[in-house]
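First up is the structure itself, then whatever we jot down about it.
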Amino acid sequence: LDDYGRNISGMFSGCSSLTNIIGFNKLNLSNITACGEMFRNCSSLTYIDMNGMNLGKCVTFDYMINNCTSLTHIDMSNVDMSACNTIMNFANGCSLLKEVIGLNTVKFGDKIRMATDNAFRDCFKLEKIDFKGSNFIIYRCMHMFNGCKKLGYIDFGDIEFTSLEDGAFNLVASETNTIEKMQFECP
């Protein structure tokens, strides 16, 4: 932690031999304001349990699990992310990530503006994204799902888009994959 105990950015970044973190979701991180790059390049990490964590003061989640190339699941059930305004490159390069458990129960800020560029880019195995119950505003989403070749279900709930940039959904649907459900509205 930094001098003020509020910044845990890069806490485990580059720990390439780290395979599992037991009890991580039990840590009191309620006063943390920055946690970007926390697990970036943890290439052996297979699962992260964040269930019920209070990260309600944390503003940035950029690169949080970026390039965790062995990660298959992350449990985000009931995580408080109410101050979050950017998840750029959040899971970019998590090529084995199949599921973000509990994403539809994450507490995002009401009508908060969020940047999501490259958030799930090159998550080749990702099959489903469910933001049902969320109502934040995405104002940037370049390459958000670029390369997600297995993604067949997307539910944006009540999320608003101010624009859809080029490449937001590149390579999502292909000859062998069709999107079962995709729901969103653009003003």
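Each step along the sequence shown adds one to the number in our numbering, with nothing skipped, and position 151 is 172.
No residue lacks a Cβ here, since even glycine has one placed at the ideal position from N, Cα and C.
Please read all numbers here as calculations on a predicted model, not as lab measurements.
Exercise. For the beta strand (DSSP E) that contains Ile150, what are its first and last residues?
Worked result: If you look at Ile150, you'll find it in the beta strand (DSSP E) that goes 149 to 151.
For this session: In the DSSP assignment, find the unbroken beta strand (DSSP E) run with Glu120 in it and report its ends.
Result: 120 to 122
Problem set entry | Rounded straight-line distance, which links the Cα of Gly154 to that of Val127 | Distance between the alpha carbons of Val127 and Gly154 is about 9 Å.
Problem set entry | C-beta contact flag for Thr81 and Gly57 at 8 Å | Cβ distance < 8 Å, so Thr81 and Gly57 count as in contact.
Exercise. Going along the chain, which residues of its own chain have a beta-carbon closer than 7 Å to the beta-carbon of Leu76, five neighbours each way excluded?
Worked result: Leu50, Ile53, Cys56, Val100, Asp101, Met102
Exercise. Can you give the Cα-Cα distance for Ser184 and Thr137, rounded to whole angstroms?
Worked result: 12 Å
Problem set entry | CB-CB length for Gly28 against Tyr68, believed under 8 Å | Note on identity: in this sequence residue 28 is Asn, with Gly being the wrong assignment. No, Asn28 and Tyr68 are not in contact; Cβ-Cβ is about 25 Å, not under 8 Å.
Exercise. Between Ser37 and chain D, is there a C-beta pair that is closer than 8 Å?
Worked result: Considering every chain present, this structure includes no chain D. It has just one protein chain.
Exercise. If we ignore side chains and look at the alpha-carbon of each, how far apart do Met74 and Leu48 end up?
Worked result: Taking the straight line from one Cα to the other gives about 8 Å.
For this session: For Ala112, count neighbouring Cβ atoms within 10 angstroms of its own Cβ and tell me buried if that reaches 16, exposed if not.
Result: buried
Problem set entry | Boundaries (first-last residue) of the beta strand (DSSP E) holding Asp70 | 68 to 70 is the span of the beta strand (DSSP E), which, as asked, contains Asp70.
Problem set entry | Same chain, Cβ closer than 6 Å to Asp179, five either side skipped, listed in chain order | Asn156
Exercise. Alpha carbon to alpha carbon, how far is Asp143 from Cys169?
Worked result: 6 Å
For this session: Could you have a look at Asn46 and say whether DSSP puts it in helix, strand or coil?
Result: helix
Exercise. So, helix, strand or coil for Asn113, using DSSP?
Worked result: coil
Exercise. From Met97 to Leu124, what distance separates their C-alpha atoms?
Worked result: When only Cα atoms are considered, Met97 and Leu124 end up about 6 Å apart.
Exercise. How long is the line joining the alpha carbons of Cys79 and Asn139, rounded to whole angstroms?
Worked result: Using only the alpha carbons, I get a separation of about 20 Å.
Exercise. Just curious, the beta strand (DSSP E) that Ala136 is in, first and last residue?
Worked result: 134 to 136
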